[in-house]
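Novice: Shown below is the structure under consideration.
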Amino acid sequence: MKKTTLKARAYCKRLAEKKRVQQTKEANIVKHCRKSKTYQKKPTRINRTISAPEHFGVYNKEKRSVFLDFLAQLRLYSQKCRICTINFHKTKSIDSDGGILLKAEICRLKTIFGNQCALRCKPSKSNKVNQILKQIEIFSDLNYTSNATLTRDDVVHWRCAHGNLVDGEKYEPVLGIYDGRIAEEISTGLYSTLTEAMANSINHAYKYKHRNDGLKYEDINNDWWMFSQSHDNKLHIAFCDLGAGIPETISESLPRMQSAIKRIGLKTDSDIIKFATGTGKSRTEKSYRGKGLPQMLRVISSIPDGKLVIFSNKGMLRAIKGKLDKHEYRKSSILGTLVILEIPLKSMET
Amino acid sequence: MKVVNIAKDFSKYPAGRNKADGPYCGELFRETHLEPSMQDNKELTIKLDGTRGYGSSFLEEAFGGLVRAGHTPVKIKKLITIISSDSSLKEEIFEYIDEGGD
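This is the structure:
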């Protein structure tokens, strides 16, 4: 029998020791996770880096699919890894709809996994993207200290708010700065629209079903997020929640509507969103309740050049100049509800 | 006659239906400002101007909720006077009062 050399024996010993250390580390993580209330699955890796997509947005079908796949990957690795790093290196643009969804997803994952998974990031090679990530506090959410200086006019006007109540005071930091650039009747309409969106999140989005994201996490916070930004004399507002989505909750909150939806033969999410915006029925089946979505539509339709887009799960409904059109993204769901409002601003000179 | 200026006497940010929704909801406004006058059969003037706006949940719970609390639409309309520069708000409130018991 061939004798092993001293060198080979030392190598085997080092290998065994390395394996033992690795096993101990993994065992410690599992032990830590089991102690945590949010334990989901045994972490399989210690560390993982996810490459963020070039474009963050949900309008374009292809780009939406890549972006939502990235969010799914982020959820998966947050569940499995001890440290999950988002590499923004390739990211070239962030729309308000993509930015708010990323912000919301990160907040939610931090709430679910806490210290079990540390979310980190690497910056983009695009200075504008880094400025946006700093301005909307995604960098600080990911414990990254950025030295990007906020100089760009299309970045410094981004504002964000997060809450879990119907709290009208949250209007001020996001939209109060536009007083004088929005007609008063539009401003009051926006306030009522946004507070109704908050009420919808709290009373419907999280109430009946869990979000179908595989995390099996029961939301008790009723969180919503709101962004605003101005660009080309237009004010863009994004509002989102990560609940079960309008198509899932409407039949639960309004059982009688469920039969109406079946009778009419509405099958797609976009059909159901459209149906929801045209009804005055509510959770309690009484005509006086649940007027939030129709009110949004009414307010935006009354504003010349106003635009409303509602994304919920796979569906999208858009209202421009009183005309409605819908679209179904068959393969990709945003797993929540996102409302985009666009209204014209008076120019600074007037 | 008692006058309630919502922006000054309640909040510049009225929003939401029930107390679980938020701090300045329709239920709280009804309980603190509307029902005491209704119980005493006293006339009340409500001034709506000066707030950031009104969501339908707030208005419905505040005014439609009076009907569900046992007051008739006729009595409510007789005792409460609404003052607003936006006439559509007044119409909306009367609609909620008429439909409040449905």
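For the protein sequence lines, the chains are L and P, in the order given.
All residue numbers for the first sequence refer to our numbering, where the first residue is 1 and numbers rise by one.
All residue numbers for the second sequence refer to our numbering, where the first residue is 1001 and numbers rise by one.
Cβ coordinates follow ideal geometry from the N, Cα and C atoms, glycine included.
(1) How about Ala1069 of chain P: is its C-beta nearer than 8 angstroms to some C-beta of chain L?
(2) Mapping the DSSP letters down to three states, classify Ile237 of chain L as helix, strand or coil.
(3) How many Å lie between Ala363 of chain L and Arg14 of chain L at the Cα?
(4) Rounded to the nearest angstrom, what separates Lys1002 of chain P and Ser192 of chain L at their Cα positions?
(5) On a CA-only basis, which of L:Asp167, L:Lys92, L:Tyr217 and L:Phe70 is nearest Phe113 of chain L? Give me that one, please.
(6) Between the alpha carbons of Leu76 of chain L and Arg82 of chain L, how many angstroms are there, rounded?
(7) Output, in chain order, the set of chain P residues within a Cβ distance shorter than 8 angstroms of Tyr171 of chain L.
(8) If you check the beta carbons only, do Ser93 of chain L and His157 of chain L fall under 8 angstroms apart?
(9) In or out: Thr284 of chain L buried (at least 16 other Cβ within 10 Å) or exposed?
(10) Distance check for Gly1022 of chain P and Ala183 of chain L, CA to CA, integer angstroms please.
(11) Could you round the C-beta distance between Ser228 of chain L and Leu175 of chain L to whole angstroms and report it? I think they count as a contact, below 8 angstroms.
(12) What does Gly1017 of chain P reach in chain L if we use C-beta pairs closer than 9 angstroms?
(13) Taking its Cβ as the centre, do 16 or more other Cβ atoms sit within 10 Å of Ala148 of chain L, making it buried, or is it exposed?
(14) Can you pull the chain L neighbours of Pro1073 of chain P, defined as C-beta to C-beta under 7 angstroms?
(15) Can you give me the C-alpha to C-alpha distance between Asn143 of chain L and Gly1100 of chain P, rounded to a whole angstrom?
(16) Tell me whether Leu308 of chain L sits in a helix, a strand or coil according to DSSP, three-state version.
(17) Please report the straight-line C-alpha distance between Ser282 of chain L and Arg256 of chain L, rounded to a whole angstrom.
(18) Report yes or no: is there a C-beta of chain L within less than 8 angstroms of the C-beta of Pro1023 of chain P?
(19) With a Cβ-Cβ cutoff of 8 angstroms, do Arg1030 of chain P and Leu1066 of chain P count as a contact?
(20) Just the Cα atoms here: how many angstroms apart are Gln135 of chain L and His89 of chain L?
(21) Within 8 angstroms (strictly less), CB to CB, does Gly243 of chain L reach chain P?
(22) Give me, in chain order, the residues of the same chain whose beta-carbon lies closer than 8 angstroms to that of Lys1012 of chain P; leave out the 5 immediate sequence neighbours on both sides.
(23) Give me the chain L residues within the contact set of Ser1056 of chain P, using Cβ-Cβ distance strictly less than 8 angstroms, ordered along the chain.
(24) Tell me, please, which residues DSSP counts as bridged to Trp224 of chain L.
(25) When you check each C-beta in the segment 173-189 of chain L against every C-beta of chain P, which residues fall closer than 8 angstroms?
Specialist: So, from the data block:
(1) Taking the second sequence and counting its residues from 1, the one referred to as residue 1069 of chain P is at position 69. Not an interface residue.
(2) As a working note, residue 237 of chain L is residue 237 in the first sequence. Ile237 of chain L falls in the strand class under three-state DSSP.
(3) As displayed, chain L neither begins before 1 nor continues past 350, which places residue 363 of chain L out of reach and without an answer.
(4) On the second sequence, position 2 is the one that residue 1002 of chain P refers to. On the first sequence, position 192 is the one that residue 192 of chain L refers to. Put simply, the backbone Cα of Lys1002 of chain P is about 27 angstroms away from that of Ser192 of chain L.
(5) Looking up residue 113 of chain L in the first sequence gives position 113. The option with the nearest alpha carbon to Phe113 of chain L is L:Tyr217.
(6) As a first step, residue 76 of chain L must be located in the first sequence, where it is residue number 76. As a first step, residue 82 of chain L must be located in the first sequence, where it is residue number 82. Using only the alpha carbons, I get a separation of about 12 angstroms.
(7) Position 171 of the first sequence, counting from 1, holds the residue named residue 171 of chain L. Ordered by position in chain P, the residues that pass the 8 angstroms Cβ test against Tyr171 of chain L are Tyr1013 and Arg1052.
(8) In the first sequence, counting from the first residue as 1, residue 93 of chain L sits at position 93. In the first sequence, counting from the first residue as 1, residue 157 of chain L sits at position 157. No, the pair does not count as a contact, with Cβ atoms beyond the cut-off.
(9) Mapped onto the first sequence, residue 284 of chain L falls at position 284. Bear in mind that the predicted position of Thr284 of chain L carries a pLDDT of just 45, short of 50, making it unreliable; the figure below should be weighed with that in mind. Burial call: exposed.
(10) As a position in the first sequence, residue 183 of chain L is number 183, starting the count at 1. As a position in the second sequence, residue 1022 of chain P is number 22, starting the count at 1. Taking the straight line joining both Cα atoms gives about 27 angstroms.
(11) Residue 228 of chain L sits at position 228 when you count from the first residue of the first sequence. Residue 175 of chain L sits at position 175 when you count from the first residue of the first sequence. That pair is a contact at about 6 angstroms.
(12) As a first step, residue 1017 of chain P must be located in the second sequence, where it is residue number 17. Just to set this straight, residue 1017 of chain P is Arg in the shown sequence, not Gly. By Cβ distance, chain L contributes Val166, Ala199, Asn203 and Arg289.
(13) The sequence position of residue 148 of chain L within the first sequence is 148, counting from 1. Buried.
(14) Numbered from 1 along the second sequence, position 73 holds the residue referred to as residue 1073 of chain P. Chain L residues near Pro1073 of chain P: none, gap ~12 angstroms exceeds 7 angstroms.
(15) To locate residue 143 of chain L, count along the first sequence from 1; it is residue 143. To locate residue 1100 of chain P, count along the second sequence from 1; it is residue 100. C-alpha separation (whole angstroms): 50 angstroms.
(16) Within the first sequence, numbered from 1, the residue matching residue 308 of chain L stands at position 308. Leu308 of chain L sits in a strand when the DSSP states are folded into three classes.
(17) Within the first sequence, residue 282 of chain L is the residue found at index 282, counting from 1. Within the first sequence, residue 256 of chain L is the residue found at index 256, counting from 1. Residue placement at Ser282 of chain L cannot be trusted, given a pLDDT of 45 that sits under 50; what the coordinates show is reported in the next sentence. In this structure, the alpha-carbon of Ser282 of chain L lies about 10 angstroms from that of Arg256 of chain L.
(18) As a position in the second sequence, residue 1023 of chain P is number 23, starting the count at 1. Yes, Pro1023 of chain P counts as interfacial toward chain L.
(19) Along the second sequence, read from residue 1 onward, the residue named residue 1030 of chain P stands at position 30. Along the second sequence, read from residue 1 onward, the residue named residue 1066 of chain P stands at position 66. Arg1030 of chain P places its beta carbon less than 8 angstroms from that of Leu1066 of chain P.
(20) For this step, residue 135 of chain L is matched to residue 135 along the first sequence. For this step, residue 89 of chain L is matched to residue 89 along the first sequence. Taking the straight line from one Cα to the other gives about 17 angstroms.
(21) Locating residue 243 of chain L in the first sequence gives position 243, counting from the first residue. No, no contact with chain P.
(22) Taking the first residue of the second sequence as 1, we reach residue 1012 of chain P at position 12. Excluding sequence neighbours, Lys1012 of chain P sits near Gly1050, Thr1051 and Arg1052.
(23) Residue mapping note: residue 1056 of chain P aligns to position 56 of the second sequence, counting from 1. Neighbours of Ser1056 of chain P on chain L, chain order: Ser192, Glu196, Lys291, Gly292 and Gln295.
(24) Here the question's residue 224 of chain L lines up with position 224 in the first sequence. The partner list for Trp224 of chain L (beta bridge, DSSP) reads L:Gly163 and L:Asp241.
(25) Closer than 8 angstroms at the C-beta level to chain P, one finds these residues of the segment 173-189 of chain L: Glu185, Ser187, Thr188 and Gly189.
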